[in-house]
Amino acid sequence: MKTKTISRHVTHNPEILSGEPIVDGTRTPVRAIVENWRLGVRPEEIPLHLPHLNLAQIFDALSFYLDNQAEINEYIERNHVPDELVHPLIKARLNQSFLIP
């Protein structure tokens with residue numbers, strides 16, 4: 357396997373999400389954690405939305421982000437779905453979950 361560890365809980369592998377930084381042992385990209393955090397979800401609450409992750413993984417991913425903001429922001433921008441393309445039922449459900457202000 358071509359996995360490269362880049363922090364305690366963050367790795368990347370060209371065969372998974374085209375090498376985007378992910379949480380070790382998962383396919384969860386660091387950007388998923390960062391996007392929750394940017395929406396106002398406290399790090400301690402992120403496992404409620406991503407229950408396969410623990411707090412050590414969450415905090416390490418956020419620390420990695422803070423050291424590599426330009427890289428992760430680029431992945432976030434590349435994967436952004438314009439609001440007008442999000443189905444109204446999904447928007448309503450996200451609003452109920454407090455994931456979208």
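Mind the numbering: the sequence shown is residues 357 to 457 in the working numbering, read in order. Glycine included, each C-beta is placed from N, C-alpha and C at the ideal position.
Could you give the first and the last residue of the continuous alpha helix (DSSP H) run that contains residue i?
i, result
"His368", "Unbroken run through His368 is the beta strand (DSSP E), Val366 to His368; no alpha helix (DSSP H)."
"Val390", "Val386 to Arg394"
Could you check which residue in the options has the C-alpha nearest to that of residue i?
i, options, result
"Ser363", "Pro438, Asn429, Pro370 and Val386", "Val386"
"Tyr431", "Thr367, Pro377 and His408", "Pro377"
"Gly381", "Gln413, Pro403, Leu395 and Asn392", "Gln413"
"Arg398", "Thr384, Leu373 and Phe415", "Phe415"
If I'm right that residue i touches residue j with Cβ under 8 Å, what's the distance once you round it to whole angstroms?
i, j, result
"Glu371", "Lys360", "Actually they are not in contact, since the Cβ atoms of Glu371 and Lys360 sit about 12 Å apart, beyond 8 Å."
"Val366", "Ile428", "Actually they are not in contact, since the Cβ atoms of Val366 and Ile428 sit about 10 Å apart, beyond 8 Å."
"Leu409", "Glu400", "No, Leu409 and Glu400 are not in contact; Cβ-Cβ is about 12 Å, not under 8 Å."
**OP:** Any chance you could list the alpha helix (DSSP H) runs of at least 4 consecutive residues sitting entirely within the stretch 405-443, in chain order?
**Re:** 411-423 and 425-434
Subject >> Cβ contact (3+ pairs, closer than 8 Å) linking the stretch 441-451 and the stretch 418-431 >> reply: no
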